[in-house]
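Colleague: Under the working numbering, the letters of the sequence shown match residues 180 to 557, in that order.
Cβ coordinates follow ideal geometry from the N, Cα and C atoms, glycine included.
Quantities reported herein were computed from a predicted structural model and do not represent experimental measurements.
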Amino acid sequence: MRIRDLIADYYSNFRMRVSSGAVTSGWHKIEIGIITGCTISVILFSLAMNILTNQESGGGILDLLQPGEGGASNSCIQEGEVQEEVRAAVEEERSCRMVAMRQQGAWTRWENTIERKVTWAELWKAEPHQIKFLIQAVYDVLPSPSNLHTWAKVETPACPLCCKHGTLEHILSCCTKALGEGRYQWRHDQVLKVIAEAMSAGVEWAKWSRPSKHAIAFIRGGEHPKPSAKTSAGILASARDWQLLVDLERQGQATEFPQPPTSTLRPDIVLLSESTKQAVLLELTVPWEDCLEEAFERKLAKYEGLVSSCQQAGWRARCLPIEVGCGGFAARSLSRAFSFLGIEGARRIRAILSTTEAAERASRWLWLKRGEPWGQSS
Ligand SMILES: [Zn+2]
């Protein structure tokens, strides 16, 4: 209890102010939460998360969060009050910006990812095991061999597959044995499938919704003409014969060109319009979140030659590398690629969401299977 008193005392006397250039704010007292940059805030946060996740394993706190379930829930007034509190928090739509409260470290550097808020509403809807994996992965508190070793629970921090240092990053993206067994390829294809589905739907949609050239706007007397809705039609609207070729399960021929420029490279997705001689090459990488930008540069360089030989063969070609982090955070390149094709608005948001979910789901599976043999049936 002494430690608790110490922390309470420390926090009760906390005042802070913010300086920016010549301007300095007044002093504020902290009302709730923890203070960024304060040395014990990280420990406090981990403590709180630990309590939450432990409770969750025992069916504690999350049962409490599930509305209207469990026969015993009425037995205690306090419990009802807690539920009221939680519901109030949800209704206020106060974002629980877990990402903003990131542990000092990797997350602050992911400048190029599409911002992703973990909101109360999302937590409410999500399956408990999903929440647990996402939060634990983000704060690196999953029982990886490396963490278990740090926590003095195991003798060795070795990866069960290759015996190298088994951090979460190693297990989810750097293990050469896992790579050789096709585990990462499997995850890559899970994500690719979802992207290809969205693009295939985009091709269909563009076929049928091409705006007529002679659209007539009817305007009533006295009305001002409405500014036409901003529609960037995207490249898919520029032809009707788009073909979508996807290189799933390494099927070989799938994405080769009809008039192949001499190259052994096969992009993951090729979109071709023969009538307009346009080609879009899309190459997906599912790297560790820290490596999103590096992957983009690498893929762009890798396909430079293929793009220019397509251009020499008379095609208007373009390569779009796409990165989706294995923790479920997409790089902006994904959003840009959908926009380029003309997949916009709600359709784009849905497509991004299902893509990131696929990456996260597949990573969770790789995590669960980390010590088990890998079969093709998986
Ligand atoms: Zn390994």
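Going by the beta-carbon positions, is the gap between L444 and V382 smaller than 8 angstroms?
Modeller: no
Colleague: If we count the other Cβ atoms within 10 Å of its Cβ and call it buried at 16 or more, is D188 buried or exposed?
Modeller: exposed
Colleague: Quick one: any contact between the segment 493-501 and the segment 332-339, if contact means 3 or more CB pairs under 8 angstroms?
Modeller: They do not touch, by the three-pair rule.
Colleague: Following the continuous alpha helix (DSSP H) through R362, name the residue where it begins and the one where it ends.
Modeller: R362 to W387
Colleague: Going by the CB atoms, is the gap between R366 and V459 shorter than 8 angstroms?
Modeller: no
Colleague: What residues match up with K208 in a beta bridge as DSSP calls it?
Modeller: R194
Colleague: Is DSSP giving I213 helix, strand or coil here?
Modeller: coil
Colleague: Just to confirm, are L463 and I374 a CB contact at a threshold of 8 angstroms?
Modeller: yes
Colleague: If you drop the 5 nearest sequence neighbours on each side, which residues of the same chain put their C-beta closer than 6 angstroms to that of S542?
Modeller: Excluding residues within five positions, the ones whose Cβ falls inside 6 angstroms are L351 and C505.
Colleague: For K478 and S388, I'd like the C-alpha separation in whole angstroms.
Modeller: Going by the C-alpha atoms only, they are around 33 angstroms apart.
Colleague: Measuring alpha carbon to alpha carbon, tell me which of I213, I211 and R194 ends up nearest G205.
Modeller: R194
Colleague: On the criterion of 16 or more Cβ atoms from any shown chain inside 10 Å, does H207 qualify as buried, or is it exposed?
Modeller: exposed
Colleague: Does DSSP put T464 in a helix, in a strand, or in coil?
Modeller: Note: T464 maps to strand in three-state DSSP.
Colleague: Any idea what DSSP makes of C489, helix, strand or coil?
Modeller: Reduced to three states, the DSSP call for C489 is helix.
Colleague: Rounded to whole angstroms, what's the CA-CA distance from L450 to K372? Just pull it up for me.
Modeller: 15 angstroms
Colleague: Mind checking which residues open and close the beta strand (DSSP E) that includes A496?
Modeller: R495 to E502
Colleague: With distances taken Cα to Cα, identify the nearest neighbour of W467 among D420, A480 and T346.
Modeller: T346
Colleague: When DSSP labels each residue in this structure, what does L340 get in the three-state scheme?
Modeller: Looking at L340 - three-state DSSP - the assignment turns out to be coil, as it is neither helix nor strand.
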